[in-house]
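Participant: Would you mind keeping the following structure in view while I ask a few things?
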Amino acid sequence: MGKAALVLFLAALATGLLDLVILARSALHVYRALSAALDDYRAWAASLTETGARLSEGLQGLERRAGSILESLDGARESAEDIREALEELRSNPLLRAARFIGKHRAGS
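Quick note on numbering: the sequence shown equals residues 100 to 208 in the numbering used here.
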């Protein structure tokens, strides 16, 4: 009976040591995986930062172009308003009204 207990105790002790070795190996694999993930993150972070900076510059360029286009459109709108006002002034001019009136009555006679 004493020998059986000793064999069981030594078997449990050997299993415990084997478990510790497997646990250490697993921890080493986890460390390597996390280290590789950190290296990948650093490489992608630099790339993404660079891409973000380029996108930001591109958006600023688009913003400047849009501002320029809006300024041009405002100038065109103001010019169109000036032309409309000049036409209204011409239409309301009494001399032109009289000339139109005479032109209509002359053509009809």
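Every residue, glycine too, gets a C-beta built ideally from N, C-alpha and C.
(1) Could you tell me the alpha carbon to alpha carbon distance between Arg196 and Arg190, rounded to whole angstroms?
(2) Give the straight-line distance between the Cα atoms of Ile201 and Leu194, rounded to the nearest whole angstrom.
(3) Out of curiosity, what's the CA-to-CA distance linking Leu116 and Leu109?
(4) Quick one: Cα of Leu112 to Cα of Lys102, how far?
Facilitator: Put simply:
(1) Straight-line Cα distance between these residues: approximately 7 Å.
(2) So the alpha carbons of these two residues sit roughly 11 Å apart.
(3) Rounded to whole angstroms, Leu116 to Leu109 spans 10 Å at the Cα level.
(4) Cα to Cα, the separation comes out at about 15 Å.
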